[in-house]
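> Sequential numbering from -7 applies to the sequence shown in this note's numbering.
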Amino acid sequence: MITCYDYTFARLLSKSAIDGILVGDSAGMVMHGHSSTLSMSVELMRLHTEAVVRGAPGKFVIVDMPFLSFRKGLPAALDAAQILMSAGAHALKLEGVDGHEDVIQSLTQSGIPVMGHIGLQPQSVRAYGGFKVQGRNGDAAQVIARQASVLEKLGAFAVVLECIPAALARDITKALNIPTIGIGAGAGCDGQILVLQDLLGMNMDFHPKFARPFFDGARTVLDAVAHFDEAVKTGTFPSIEESY
Ligand code: KIV
């Protein structure tokens, strides 16, 4: 799976073999330049969702329920879910499980496929004091393993495991009947997800250990812009053929 937030990239991804697109609330960081995902609202997620669905109508599109949108009681959570599903989402992803089990169960019973997200939950970054690997000690690992099993019992169709030790992710994957999708969780998960801009190498200043750049996007974009700039300043663009 790959994240995507806009129409242009969604059109490209629709021509790929990728199994699913996540309209992640990482949009807050990648597209809006915030230092966390906390600023994302249901309205912003709706706009990103509509753009992605327009670009990739044939793909399975999962959408993040943003910070606190599922923690204000069941009716408010269902209202938020309705907005995102009406925008074209095929499934919703919720971070964590403790304290909103009722929401997850109600969504799945309402016919909305739910993906869980445990391990490092970016919406809890303030509680962690930073983006840190989770589940390194026995107690913390047990909590994550329990949450995975609760998610399966509540009807989640899959679960994202973010930034946990590879051995823990492998054990959880073996214990569950639903697929695990890893990010920074090693090769033992059933699938993997990366943020599109990370896999394209678009950010020169951000190189998390788990995010392999499969392309030198930043350098390639800067080279293209430099060529345009030079062509304009040396008078070689636009040419006669490029003029009316
Ligand atoms: O918002 C996001 O991009 C995510 C992925 C990191 C799984 O939740």
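For every residue, glycine included, the Cβ atom is placed at its ideal position computed from N, Cα and C.
For residue 164, list the residues DSSP reports as bridge partners.
Its beta-bridge partners do not exist; DSSP assigns none.
> What does the Cβ neighbour count give for residue 67, buried or exposed, with the cut at 16 atoms within 10 Å?
Exposed, by the Cβ-count rule.
> Less than 8 Å between the beta carbons of residue 89 and residue 108, yes or no?
Cβ distance < 8 Å, so residue 89 and residue 108 count as in contact.
> From the DSSP output, read off the bridge partner residues of residue 184.
Answer is 174, bridged to residue 184.
> Can you name, in chain order, every residue of its own chain whose Cβ lies under 7 Å from the Cβ of residue 170, other than the five neighbours on each side?
For residue 170, where only same-chain residues beyond five positions count, the Cβ hits under 7 Å are 144, 148, 149, 150, 151.
> What would DSSP say about residue 56, mapped onto helix, strand or coil?
Correct three-state label for residue 56: strand.
> Mind checking who residue 153 pairs with in its DSSP beta bridge?
In the DSSP output, where bridge partners are listed per residue, residue 153 has 110, 174.
> Would you call the region 44 to 52 in contact with the region 114 to 129, where contact means no fewer than 3 C-beta pairs closer than 8 Å?
In short, these stretches do not touch, since the Cβ pair count stays below three.
> In chain order, what residues of the same chain lie with their CB nearer than 6 Å to the CB of residue 190, ignoring the 5 residues before and after it?
Excluding residues within five positions, the ones whose Cβ falls inside 6 Å are 203.
> Do residue 180 and residue 165 have their CB atoms nearer than 8 Å?
Going by C-beta atoms, residue 180 is nearer than 8 Å to residue 165.
> Output the residue ranges of the beta strand (DSSP E) runs that lie fully inside the region 77 to 102 and measure 3 residues or longer, sorted by chain position.
Entirely contained in the region 77 to 102, the beta strand (DSSP E) runs reaching 3 residues are, in chain order, 83 to 87.
> Excluding five sequence neighbours on each side, which residues of the same chain lie with their C-beta closer than 7 Å to the C-beta of residue 208?
The residues are 193.
> Where does residue 15 sit, in a helix, a strand or coil, going by DSSP?
Residue 15: strand per DSSP, three-state reduction.
> Out of curiosity, what's the CA-to-CA distance linking residue 37 and residue 232?
Near 44 Å, if we compare the C-alpha coordinates of residue 232 and residue 37.
> Spatial neighbours of residue 84 within its chain, please: C-beta separation below 8 Å, excluding the five flanking residues on both sides.
Result list for residue 84: 54, 55, 56, 57, 73, 76, 77, 99, 104, 105, 106, 107, in chain order.
> What residue range does the alpha helix (DSSP H) around residue 215 cover?
Unbroken alpha helix (DSSP H) run through residue 215: 209 to 225.
> Helix, strand or coil for residue 41 per DSSP?
Helix, per DSSP.
> Taking a cut-off of 7 Å, which residues have a beta-carbon closer than that to any heavy atom of the ligand KIV, in chain order?
Taken from the N-terminal end onward, the list reads -5, 14, 16, 17, 18, 29, 56, 85, 109, 114, 152, 154, 175, 185, 187.
> Can you tell me whether residue 29 is helix, strand or coil according to DSSP?
Correct three-state label for residue 29: coil.
> Is DSSP giving residue 136 helix, strand or coil here?
Here residue 136 sits in helix by DSSP.
> Check the C-beta distance from residue 80 over to residue 42 and give it rounded, since I have them as a contact under 8 Å.
With a Cβ gap of about 6 Å, residue 80 and residue 42 count as contacting.
> What separation, rounded to the nearest whole angstrom, lies between the Cα atoms of residue 86 and residue 62?
About 8 Å.
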